[in-house]
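Number of protein chains: 2
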Amino acid sequence: MKKYNEMKKYVDVDTLKYMLYDVHNLEGLLKRERFQDHDKESLDMFLDSSKDFADKELFPFIKEMDEKPAHYKDGTVYVHDQVKTMMHKGGELGIISAPFDYEDGGMQIPLVVYTAATYILDAANNHLPGYAGLTQGAAELIIHFANKELNETYVPNMLSGQWGGTMCLTEPQAGSSLSDIVTKAKPTSDGYYKLSGQKIFISGGDNQFSENIVHLVLARVEGAPKGTKGISLFVVPKNRPDSSGSLISNDITTVADFQKLGQRGYCTTHLGFGDADDCRGWLVGDENQGLKYMFLMMNAARIGVGRGASAIASAAYYASLQYANERPQGRKLTRDGKKDPNENQSLIIEHPDVRRMLLLQKAVVEGSMSLVLRAAKYYDLELTATSDEEKSKYNTLLEMIIPVVKTYPSEAGSYAVNNGLQVLGGYGFCSDFILQQYYRDIRICAIYEGTTGIQSQDLLGRKITMGNGSGLALLSVEILKTIKESKSHKSLQPYAAELSNKLELTQKILESLMPHALKGDYERYLADASIFMEFFSLIIISWSWLEIATKAQENLNTSEASLSDDFYLSKIETMKYFYDYELPKTLGHAAILMNPSTVTIKKEKEYIN
Amino acid sequence: MKKYNEMKKYVDVDTLKYMLYDVHNLEGLLKRERFQDHDKESLDMFLDSSKDFADKELFPFIKEMDEKPAHYKDGTVYVHDQVKTMMHKGGELGIISAPFDYEDGGMQIPLVVYTAATYILDAANNHLPGYAGLTQGAAELIIHFANKELNETYVPNMLSGQWGGTMCLTEPQAGSSLSDIVTKAKPTSDGYYKLSGQKIFISGGDNQFSENIVHLVLARVEGAPKGTKGISLFVVPKNRPDSSGSLISNDITTVADFQKLGQRGYCTTHLGFGDADDCRGWLVGDENQGLKYMFLMMNAARIGVGRGASAIASAAYYASLQYANERPQGRKLTRDGKKDPNENQSLIIEHPDVRRMLLLQKAVVEGSMSLVLRAAKYYDLELTATSDEEKSKYNTLLEMIIPVVKTYPSEAGSYAVNNGLQVLGGYGFCSDFILQQYYRDIRICAIYEGTTGIQSQDLLGRKITMGNGSGLALLSVEILKTIKESKSHKSLQPYAAELSNKLELTQKILESLMPHALKGDYERYLADASIFMEFFSLIIISWSWLEIATKAQENLNTSEASLSDDFYLSKIETMKYFYDYELPKTLGHAAILMNPSTVTIKKEKEYIN
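Protein chains in written order, with our numbering: chain P, 9 to 617; chain Y, 9 to 617.
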């Protein structure tokens, strides 16, 4: 019965490297010009130093950050001391700058490697990496779309971690509906705009350490069109440089810090802009293009959410696995179905139902880990494509999977952590043990950066229909490649056949849904989008697992594999778990999706009461 | 955007009464001799006074009890002041004594009505009713199995709520495995035993108000057989009466109060017995029969857990429904699949995906409400049976469904609350709103009184095989009755047919599993018991929903129905939701259960790592 402070493992770095090098062929990617300075040795060093940083500076504080949450006092948000370490030491390590171009102060690390490194940090302590992650996202927007002056003024201090950064989208009255944003930006003759309005749920929006925080704010210039077409993007620093270069207050008020179910060390602020009519913002790019800029960054943000969710589930998995390996309880059944009290107690990992809960977690954690790395790899391949066709291909593949990348790790991760908690029985519910915290922490992921409902609308409404289905066709080609490769191993053929069947089932479902869209009944077409998301996610993760198992089988068949046979066998067994216990759920989804009627669309009389 | 303190509704009393009178034919039950003094009017008064008590004394404190949790200080557990009110005012109302015999100080209220009344209390504030519920359970054990002296000494003060009561089963080294209990009881020549040992997870184990707490403790008399056959039951009061009748300390130490994920106002203590070798316990009934006595009470305890879980899900449902009815966000899609920003925002209850999350909750809440009332009705019918045959019938029916009664409301309830939280988006994650608390509170229910894994083993291992399948046959007769009745309404016939199909599928699954048991491979037979539980639960709840919808249709067809057409129509629509969205999940379960192989049984080499 280990409590939190005796827990040792939160991520399996061997698995992470196996995903990078074996499953996702990182060495192939490194041949691209952009990455020519990197090799396995240097990237392993980056990963290992991230792990070392996480071991020393992140993991030891995970529970304390929950117990002493970020809080608001006298106009300031107070966060844990370790936030300073995250930003400054993390900045030195390159946690903020690593994927950027050399000329912007970066290291041109592939996003797939950066994603692996930050996966380690998230798994160690999910309350901390967000401070760096948002700073990176804000810097990226400036680098890509703002003018030279804004770049020079803000980016260097952000990449070093001296200044923080945020994304300010949500407003109290608008929530997920960005077309209803009302924060105002009034042009002045001095080049800047005067901002006024309220933003809520601003992660990392304030803290007692940062000399400055650079907010990237969506607002509406006076007279702009209604809806999403009238939204502009502004750089709005907490403190602005005056003519001498000294920082002076920019009239941004911290109104409150939301207290939350989880991620309590990661502050979530309510900010007021321009209460004294002296809040200056500088336009990024052109007016009314703000949402477009923001959404160009959104794929990376959504990979980040999926990564974080998978990482929390990883930490929860290893905590429950350790418990299961140390806790004796109950006995094996004898041949007459009874238990003999003279026998020693079994370790709970020997009970099939506990093993099911552990395999479920492992299947979700590693399946989603491979998925987020796949997304990052597509991003890298798009970025470094040498032809328009290639660029378009990887862009399309990324667009196709991104709603799943955001959603599956969040939803299935939450389900995995729930099972991890259950492995501990009553102790799982007790605050002395960490599982209950991970159960709370991971719950936000299905809400961040577009809820599951919104991702599902994106998947079925935009991505599946994109180019008259050409995106799905392109993705299917990739899946079929894996199926073909796996078939060269006899033991994998039944699984390959199963995945082929599910691809056919996907077509049948879409044929059954499309008539609604074709006759303009989008409400009906999208009514079960969340069910389609569950269905499609299982297909995508089954693809990942088939790929993982194929590489494992190849490694088993060669004498040159770097890891033990047990390592590879465990991947194949976990693949089987996924195909035997998770993939069959698609049968239920198919029945729901192909049902011609649905009770969820509002009729004349309200019946939900 | 209402916060907790503006929330109004936590349970629908009309639905509760509809379940009692229409669905479960309470007036039929009242014809039995035991209940002859009760009629609809008097029982409605009991329910209404429970609702009034809950409105005034329970619901207003739900959030405060979470924020100021029970805690340990200097040897005592301090709980919220309202615990005193719960016990004393609740005691006056009959919340502890109501179902007992007149001669034992009770009111002979049917358990089904008592369950409805306590459902209201649980929905109002799930941190409080447990104090009364455990006192009742402990009193029940004394009444049924202890001698006259123990009855006279303890029961009256317990029924009035002056003294509390607990059940002390779990020990640190034993967990769910009661055969490993080591608390010792040493006989003395003075009639009592000297107790020594440690008990953990003792709900309601201590508080600053109770003059006394009467612990019902499982312990092993020196020299008793190993395993479950050597466990005896003792009355062990916190304070024992001395020869003059004054209370003196009985050497029970409160070691700690576990801090928890949820139900933080309901204390969970660690108790030490006999540190000074002066802890006296009095044997209940005969030696070595303790587990048998305890388990005779277990069905009622498991109904209580299912009831509490369903009630928490009820409170969460109404909180999310209120939000969905008040929160504008987003817009309906136009015919070209776009949104028009000039349109007013919709209320979120108009979006099909939000409606799905609400219907899901309503289907789980009311389906599980009907299930727990069914279990209590079987209990009443068994208790008042006029022949051995009838007694045996209702005992069997109760035994068959009890693992589902404990598990389905807990697991599906947690899933329902999860969806309720999601309805609120970011606000669902914020502590100002109540959803995040219900999400935490309900999580214990899948652990209390035998985890889901243990219930599943009970269902498939004991109940399904009971009497060579005669229990399942008896239950099927009841389900077929409902199917037959529903068929007289044409609109319900497709649902009746669907449920018939699922009964046939159940048989097929069991035919596929039984060979494992017949050849003595119980580990394999039970390996997927938790999946079978999910499957079987959906059949049982579909049965409840068909019954609910049949009664609703009958009410719609008559001019004498007491509630509005809208009320009955909403029941029928929710039934459809359950059949269209929940029942299809059984297809996946069937595929898992009929798969000849399973990856969850441990092989020679460990592959979970």
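In this text, a Cβ means the ideal position worked out from N, Cα and C, and glycines have one as well. Please read all numbers here as calculations on a predicted model, not as lab measurements.
Check                                                                                                                                         : Outcome
From P:Ser572, P:Thr473, P:Lys194, P:Pro164, residue whose alpha carbon lies closest to that of glutamate 230 of chain P                      : P:Lys194
C-alpha distance - leucine 119 of chain P paired with methionine 94 of chain P, whole-angstrom precision                                      : 20 Å
Contact with chain Y by aspartate 265 of chain P, beta-carbon distance below 8 Å                                                              : no
Touch test, the stretch 161 to 181 of chain Y against the stretch 100 to 109 of chain Y, Cβ-Cβ under 8 Å, three pairs minimum                 : yes
As assigned by DSSP and simplified to three states, the class of proline 604 of chain Y                                                       : coil
Lysine 10 of chain P in three-state terms, based on DSSP                                                                                      : Residue confidence is low: lysine 10 of chain P scores 46 on pLDDT, short of 50, so the model does not pin down where it sits. No coordinate-derived value is stated.
8 Å Cβ cutoff met for isoleucine 208 of chain Y and threonine 174 of chain Y                                                                  : no
For alanine 599 of chain Y, three-class secondary structure by DSSP                                                                           : helix
Cα-Cα separation, leucine 595 of chain P to leucine 518 of chain Y                                                                            : 20 Å
Three-state secondary structure assigned by DSSP to arginine 335 of chain Y                                                                   : coil
Test: cysteine 287 of chain Y CB closer than 8 Å to a CB of chain P                                                                           : no
Cβ-based neighbour list, asparagine 427 of chain Y, same chain, cut-off 7 Å, excluding 5 preceding and 5 following                            : Met365, Leu368, Gln369
Listed by chain order, chain Y residues near tryptophan 455 of chain P by CB distance under 8 Å                                               : Here residue 455 of chain P turns out to be isoleucine, not tryptophan, going by the sequence shown. The answer, in chain order, is Gln430, Gly433, Gly434, Gly436, Phe437.
Neighbour flag for glutamate 187 of chain Y against chain P, beta carbons, 8 Å                                                                : Per the sequence shown, the amino acid found at residue 187 of chain Y is serine instead of glutamate. Taking Cβ atoms only, chain P reaches closer than 8 Å to serine 187 of chain Y, which makes this a yes.
Methionine 9 of chain P, buried or exposed, once every other Cβ within 10 Å from all chains shown has been counted against 16                 : In this predicted model, methionine 9 of chain P has a pLDDT of only 44, less than 50, meaning its place in the structure is not dependable; the value taken from the coordinates is given anyway. Methionine 9 of chain P comes out exposed.
Cutoff 8 Å; reference threonine 473 of chain Y; Cβ partners in own chain excluding five residues on either side                               : Ala525
Cut-off 7 Å between Cβ atoms - residues of its own chain near isoleucine 600 of chain Y, not counting five sequence neighbours on either side : Asp536, Ile539
Proximity test, Cβ basis, 8 Å: isoleucine 104 of chain Y and chain P                                                                          : no
Alpha carbon of alanine 557 of chain P to alpha carbon of leucine 186 of chain P, nearest angstrom                                            : 42 Å
Where the alpha helix (DSSP H) through methionine 408 of chain Y begins and ends                                                              : 396 to 431
Cysteine 176 of chain Y (DSSP reduced to helix, strand or coil)                                                                               : strand
Cα-Cα separation between tyrosine 615 of chain Y and serine 578 of chain P, rounded to whole angstroms                                        : 5 Å
Helix, strand or coil at lysine 207 of chain P according to DSSP, with G and I counted as helix                                               : strand
is_contact[glutamate 295 of chain P, chain Y] using C-beta, thresh 8 Å                                                                        : no
For arginine 470 of chain Y, the three-state DSSP class (helix, strand or coil)                                                               : helix
Run of the alpha helix (DSSP H) containing phenylalanine 303 of chain Y, from where it starts to where it stops                               : 298 to 304
CB contact check: alanine 599 of chain P to chain Y, cutoff 8 Å                                                                               : yes
Within-8 Å CB hit, asparagine 350 of chain P to chain C                                                                                       : Reference to chain C is not applicable here, since the protein chains of this structure are P and Y.
Alpha carbon of leucine 158 of chain Y to alpha carbon of methionine 302 of chain Y, nearest angstrom                                         : 17 Å
Nearest neighbour of aspartate 388 of chain P, chosen from P:Leu142, P:Asn33, P:Pro336 [CA to CA]                                             : P:Asn33
Limits of the unbroken beta strand (DSSP E) element including isoleucine 450 of chain P                                                       : Per DSSP, isoleucine 450 of chain P belongs to no beta strand (DSSP E) and is neither H nor E.
Contacting positions in the stretch 535 to 567 of chain Y - beta carbon closer than 9 Å to chain P                                            : Ala535, Asp536, Ala537, Ser538, Ile539
6 Å Cβ shell around histidine 88 of chain Y - same chain, five flanking residues per side excluded                                            : Met73, Gly273
Glycine 280 of chain P and glutamine 206 of chain P closer than 8 Å at C-beta                                                                 : yes
Within 8 Å, strictly: CB atoms of alanine 393 of chain P and glycine 145 of chain P                                                           : no
Sequence-distant residues of the same chain with beta carbon closer than 7 Å to leucine 66 of chain P, five excluded per side                 : Leu129, Ala132, Asn133, Leu136
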